[in-house]
Every structure is written in C-alpha cells, then in structure tokens.
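Asks: Each residue of the sequence shown is one higher than the last, beginning at 1 in UniProt numbering. Built from N, CA and C at the ideal position, the CB exists for glycine as well. Before we start, here is the structure in question, set down as structure tokens.
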Amino acid sequence: MDQVYTATIKTLAPETLRNWLKEGNQRLAVVDVRDSDYRYGRVRGAVNYPSKSLSNEAFDKLLREYPLEDNYKYVFHCMRSQMRGPAATKKFVRYLLLNTPLKDDPSRLPKVYLLEGGLKKWNRLYGNNPSLMETI
1 MDQVYTATIK
11 TLAPETLRNW
21 LKEGNQRLAV
31 VDVRDSDYRY
41 GRVRGAVNYP
51 SKSLSNEAFD
61 KLLREYPLED
71 NYKYVFHCMR
81 SQMRGPAATK
91 KFVRYLLLNT
101 PLKDDPSRLP
111 KVYLLEGGLK
121 KWNRLYGNNP
131 SLMETI
C-alpha cells in the first residue's frame, strides 16, 4: 500500500512553483512542514503544519482551508525535502485515501507534490525575491 501513496506523489521543480506563484491563476496550498526552523523564512503564502504535529486533525484543518472540491494543488516541503517533506506528503495521501470520500474513488485524488530541494533550494534560487520568499 505504501507504493500506492508514493506513486501518487510527484516531484515539483522550484521553477514550476515559481511560475505558478507568479501567474497567480493556480489554486495552491504550499505546506511547509518544518518545525521551529519555519520562523526563518518561507515560500510566500506558505502555511506551516509542523511535521511533529501532523495528525488527522491537522489534515482536517488543512482541508477546511484548502478544500478538495476547490481543486487545489498541494505542494509539501521541508528544509531539503528529504525527510520531513516526503513523510508528510505520504501521510497526507494516506489520510486522503482513508479518511475522505476519495477512499471510494482514488482516481479523484488531487495533485500532490513534493518541492524538489525544499526550502534550501528555493531560498538559493529565489531568496532575494520578496514576491517569492518572505521572512516572518
């Protein structure tokens, strides 16, 4: 079953996310799962759901903010998108398949992405651009 979760997750190039943010016509939920390191900066508009506190309740809250029926694309990341980000992304897909109406029709899963290189790469590429990176 873990392969099913992984197969539905796509890696997203930072350049693609940059284009989506600049175009402003995509329904995006950029989910930063860093913990205390979140306070040092974020992708503009990202919401913080710390990896340590991810639970069904946290995902319920995320879906209230960014409802499935509104066709959001969900982009997860951590500092490097190597540990916390991939784990959170799989956990989110698992949650969707087990706790939402999508369990009856997995073909309707939303687009779920993992930001390639995480915030570290994003900051290296766009850290000086206030329209793409913000400090808290």
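What is the DSSP secondary structure of Asn48, reduced to helix, strand or coil?
Replies: Note: Asn48 maps to strand in three-state DSSP.
Asks: My understanding is that Glu116 touches Pro14, with C-beta atoms under 8 Å, so please give their C-beta distance in whole angstroms.
Replies: Their Cβ separation, rounded to whole angstroms, is 6 Å, which keeps Glu116 and Pro14 in contact under 8 Å.
Asks: Can you say whether Lys90 is buried or exposed, counting buried as having 16 or more other CB atoms within 10 angstroms of its CB?
Replies: Per the 10 Å Cβ criterion, buried.
Asks: Would Tyr40 be called buried (16 or more neighbouring beta carbons within 10 Å of its own) or exposed?
Replies: Classification for Tyr40: exposed.
Asks: Per the DSSP calculation, Ala29 is bridged to which residue(s)?
Replies: DSSP, once it has assigned bridges, lists Tyr74 as partnering Ala29.
Asks: Classify Pro110 as buried or exposed, calling it buried when 16 or more other Cβ atoms lie within 10 Å of its own Cβ.
Replies: Its Cβ being crowded by 16 or more others within 10 Å, Pro110 is buried.
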